[in-house]
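Notes follow the structure.
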Amino acid sequence: MKRRNFVRSLLGGALYSMLGCESQPTRADNLSFAHGVASGDPMTDRVILWTRVSGLAGESVDVRWRTASDRNMRTILQQGVFRTGAHRDYTIKVDAKGLPPGRTVFFQFDVGERRSPVGRSRTLPTGSPDRASFAVVSCANHPYGYFHVYRDIAHRDNLAAVIHLGDYIYEYGMGEYATERAEQLGRVPQPDGRLVDLKDYRARHAQYKADVDSQAMHAAHPLIAVWDDHELANDAWRDGAENHRQDDGGWDGRRDAAIQAWLEWMPVRVSHKAESTRIFRRYRYGDLLSLIMLDTRLHGRDRQPDAGPAVSSESVRHAMRDPKRRMLGTSQEGWLRRTLKQSKGTLWQVIGQQVMLSPTRSPELGPLLDLDRESMLPREQLDIYIEQSKGNPPMLLDTWNGYPAAREDFLEDLRDYADNPVVLSGDLHTSLAGNLIPNNGSDPVAVEFMTTSVTSPGFAEYLPEIRPGAVRDATLELNPSLCYMETDRRGWVLLTVDRKACSAEWHLVDTVHEQDYTVSVDASWSVSAGNIGMGLQPRDSS
Ligand SMILES: [Fe+2]
Numbered sequence: 000m001k002r003r004n005f006v007r008s009l010l011g012g013a014l015y016s017m018l019g020c021e022s023q024p025t026r027a028d029n030l031s032f033a034h035g036v037a038s039g040d041p042m043t044d045r046v047i048l049w050t051r052v053s054g055l056a057g058e059s060v061d062v063r064w065r066t067a068s069d070r071n072m073r074t075i076l077q078q079g080v081f082r083t084g085a086h087r088d089y090t091i092k093v094d095a096k097g098l099p100p101g102r103t104v105f106f107q108f109d110v111g112e113r114r115s116p117v118g119r120s121r122t123l124p125t126g127s128p129d130r131a132s133f134a135v136v137s138c139a140n141h142p143y144g145y146f147h148v149y150r151d152i153a154h155r156d157n158l159a160a161v162i163h164l165g166d167y168i169y170e171y172g173m174g175e176y177a178t179e180r181a182e183q184l185g186r187v188p189q190p191d192g193r194l195v196d197l198k199d200y201r202a203r204h205a206q207y208k209a210d211v212d213s214q215a216m217h218a219a220h221p222l223i224a225v226w227d228d229h230e231l232a233n234d235a236w237r238d239g240a241e242n243h244r245q246d247d248g249g250w251d252g253r254r255d256a257a258i259q260a261w262l263e264w265m266p267v268r269v270s271h272k273a274e275s276t277r278i279f280r281r282y283r284y285g286d287l288l289s290l291i292m293l294d295t296r297l298h299g300r301d302r303q304p305d306a307g308p309a310v311s312s313e314s315v316r317h318a319m320r321d322p323k324r325r326m327l328g329t330s331q332e333g334w335l336r337r338t339l340k341q342s343k344g345t346l347w348q349v350i351g352q353q354v355m356l357s358p359t360r361s362p363e364l365g366p367l368l369d370l371d372r373e374s375m376l377p378r379e380q381l382d383i384y385i386e387q388s389k390g391n392p393p394m395l396l397d398t399w400n401g402y403p404a405a406r407e408d409f410l411e412d413l414r415d416y417a418d419n420p421v422v423l424s425g426d427l428h429t430s431l432a433g434n435l436i437p438n439n440g441s442d443p444v445a446v447e448f449m450t451t452s453v454t455s456p457g458f459a460e461y462l463p464e465i466r467p468g469a470v471r472d473a474t475l476e477l478n479p480s481l482c483y484m485e486t487d488r489r490g491w492v493l494l495t496v497d498r499k500a501c502s503a504e505w506h507l508v509d510t511v512h513e514q515d516y517t518v519s520v521d522a523s524w525s526v527s528a529g530n531i532g533m534g535l536q537p538r539d540s541s
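Counting from 0, one number per residue, gives the positions in the sequence shown under numbering that gives the first Met the number 0.
Structure representation (structure tokens):
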């Protein structure tokens with residue numbers, strides 16, 4: 000086919016003329032799939048397929064997609080055409096239906112004669128599966144290090160999905176948070192400023208999806224993702240964020256831009272129209288488990304007690320005592336209660352959400368820090384942290400620690416409506432396992448598995464500890480409901496659910512700053528089905 004006719008067929012005749020392309024057609028051989036392929040939000044008969052066409056400048060284009068039961072794409076299951084254009088940043092998102100349940104499927108796109116890499120995905124099973132395994136990740140800060148964690152996950156077989164608990168991108172510009180190593184690593188943020196409008200958020204998503212390790216993970220497993228704050232702005236809540244300034248314009252416009260880019264660039268089955276902040280949803284793995292994904296960040300979260308104008312120690316105390324302050328919001332709480340009741344037919348209820356749920360008090364930092372040692376933080380900031388930690392206050396009020404009444408309601412709902420609840424969390428750049436015990440001091444009503452970051456720095460990298468692990472040890476001693484904590488290394492959690500137990504293995508890498516790395520299992524903890532009240536038990540991971 001002659002190139003001119005070929006491009007005409009790509010664009011569709013009428014549009015081709017309308018755009019005035021007769022004189023300057025896009026060169027079809029300039030088109031590419033530079034951001035790889037991805038899949039996500041599996042159901043028993045369908046999965047979201049994602050890619051993006053690079054090289055277009057204003058035109059719309061038809062992209063063909065197909066699913067197959069083999070990697071060579073010979074036995075085609077379904078196929079179709081999706082039209083994309085500038086209005087959606089040239090992303091393609093297909094809800095590919097008619098797939099068999101509980102099966103590995105492959106997918107590919109093409110535009111003209113250009114073919115994308117082949118992706119692998121997996122549908123949800125029906126019936127009574129014996130086990131399901133997931134990778135759990137959060138907090139992938141591109142300028143701070145290599146995505147070795149994504150590479151390690153890409154090499155895994157037999158994962159049902161990758162559960163991403165948010166901070167898939169970070170909104171900061173060069174010179175801001177965690178960009179100290181960006182130039183040295185060749186990972187300077189694009190655009191170089193902080194993200195404010197749609198163009199910014201799209202460009203940042205594009206940079207993250209150009210990463211080869213991210214592409215490898217996405218091509219290997221379906222993703223189940225929720226956002227945390229940095230997909231929008233640091234410490235976001237329903238009506239604002241810590242990292243949102245007056246000269247950024249209105250919060251609503253910035254939030255909507257961030258959400259639009261997220262919806263365009265992520266393989267999620269979330270409506271682009273109605274109620275755009277509603278991302279909480281449920282997946283069912285036969286009668287083995289229900290996976291319930293929540294939004295603790297945006298949908299119904301009241302402002303953090305220590306945020307906003309006119310904060311004082313009295314206002315913080317007042318907010319902490321206020322029984323009405325919400326984390327999920329009343330409509331999501333009602334949905335959660337109904338969903339937990341409906342999940343009674345499954346053995347496990349795995350709840351994926353963003354922030355630490357375990358009630359945790361901060362150790363006094365003064366005796367644990369050596370202020371003569373070099374630190375990434377200025378001395379004045381360390382002095383503030385030391386002062387704030389006096390008297391062992393609740394740790395980090397952006398987590399559930401800042402919403403004690405809402406947390407107690409959440410734990411009561413888990414006790415009343417779930418059989419075997421397991422809560423996943425991220426956000427803290429820390430590996431952690433704990434028993435979730437209500438204020439009445441009863442047996443645990445659930446357990447928490449927290450995944451550390453993919454790259455983002457842990458607090459041990461900022462604090463000049465008197466010895467490695469000093470803050471961790473003091474935190475564990477002060478909070479006996481916590482069983483395990485690791486602050487120094489980055490990694491992911493392998494979550495395995497079977498008929499007898501739900502276990503977590505922390506796979507940690509030794510560096511994200513060097514090209515070569517090793518990964519090892521740091522710890523493994525599990526809880527028995529029907530015995531949540533017994534709490535977590537260590538597992539021999541050797
Ligand atoms: Fe984070």
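All C-beta atoms, glycine included, are put in the ideal place defined by N, C-alpha and C.
Local Cβ density within 10 Å of residue i, reported as buried at 16 or more and exposed below that
i	result
LEU346	buried
VAL110	buried
SER127	exposed
GLU313	exposed
HIS317	exposed
LEU535	buried
LYS208	buried
GLU21	Annotation note: pLDDT 37 at GLU21 (below 50); position unreliable, coordinate value reported separately. Looking at its Cβ environment, which holds fewer than 16 other Cβ atoms inside 10 Å, GLU21 is exposed.
ILE383	exposed
ASN400	buried
GLN352	buried
GLN214	buried
Residue nearest to residue i in terms of C-alpha spacing, selected from the options
i	options	result
ARG150	VAL508, LEU477, ASP61 and GLU241	VAL508
ASP129	ASN157, SER137, GLY111 and ALA139	ASN157
GLY561	PRO116, SER330, LEU164 and ASP442	Residue 561 lies beyond the range of the chain shown here (0 to 541); nothing can be said about it.
VAL225	ARG70, PRO266 and THR486	PRO266
PRO216	ARG254, ALA159 and VAL269	For the record, residue 216 in the displayed sequence is Met; it is not Pro. Ranking ARG254, ALA159 and VAL269 by Cα distance to MET216 puts ALA159 first.
ASP196	ARG254, GLU464 and LEU493	ARG254
MET394	PHE458, GLU373, ARG336 and LEU339	PHE458
CB contact flag (residue i, residue j, <7 angstroms)
i	j	result
ARG300	ILE291	no
LEU288	VAL349	yes
LEU356	GLU447	yes
LEU55	THR66	no
THR451	ARG414	no
TYR461	LEU376	yes
TYR145	VAL511	yes
ALA260	ARG201	yes
THR474	PRO358	no
SER38	PRO221	yes
ARG180	LEU194	no
Helix, strand or coil at residue i [DSSP, three-state]
i	result
PRO266	coil
TRP399	helix
MET42	coil
ASN233	coil
THR276	coil
HIS512	coil
LEU9	With a pLDDT of 39 at LEU9, under the threshold of 50, the modelled position of this residue cannot be trusted; read the value that follows with caution. Three-state DSSP puts LEU9 in a helix.
GLU464	strand
LYS198	helix
VAL349	strand
VAL505	Residue 505 is actually Trp in this sequence, not Val. Strand at TRP505.
ASP109	strand
ASN29	helix
HIS163	strand
TYR282	strand
ASN4	Because ASN4 carries a pLDDT of 37, less than 50, the predicted location of this residue cannot be relied on, and no value is offered for it.
THR329	helix
TRP524	strand
PRO24	A caution first: PRO24 carries a pLDDT of 47, below 50, which makes its placement in the model too unreliable to give a value.
Whole-angstrom C-beta distance between residue j and residue i, which should lie under 8 angstroms
i	j	result
ARG296	ALA218	No, ARG296 and ALA218 are not in contact; Cβ-Cβ is about 28 angstroms, not under 8 angstroms.
PRO304	MET319	5 angstroms
VAL46	SER120	5 angstroms
VAL62	PHE108	5 angstroms
ASP397	ILE223	The pair is not a contact, with the Cβ atoms about 23 angstroms apart (cut-off 8 angstroms).
THR43	THR122	6 angstroms
HIS229	ASP166	4 angstroms
LEU543	ALA257	Outside the shown range of the chain, which is 0 to 541, sits residue 543, and nothing can be said about it.
PRO100	VAL36	The pair is not a contact, with the Cβ atoms about 22 angstroms apart (cut-off 8 angstroms).
ILE531	VAL444	7 angstroms
THR90	TRP64	That pair is no contact at about 13 angstroms.
Interface flag, residue i vs chain C, CB-CB below 7 angstroms
i	result
ASP210	The chain inventory of the structure shown lacks chain C, comprising one protein chain alone.
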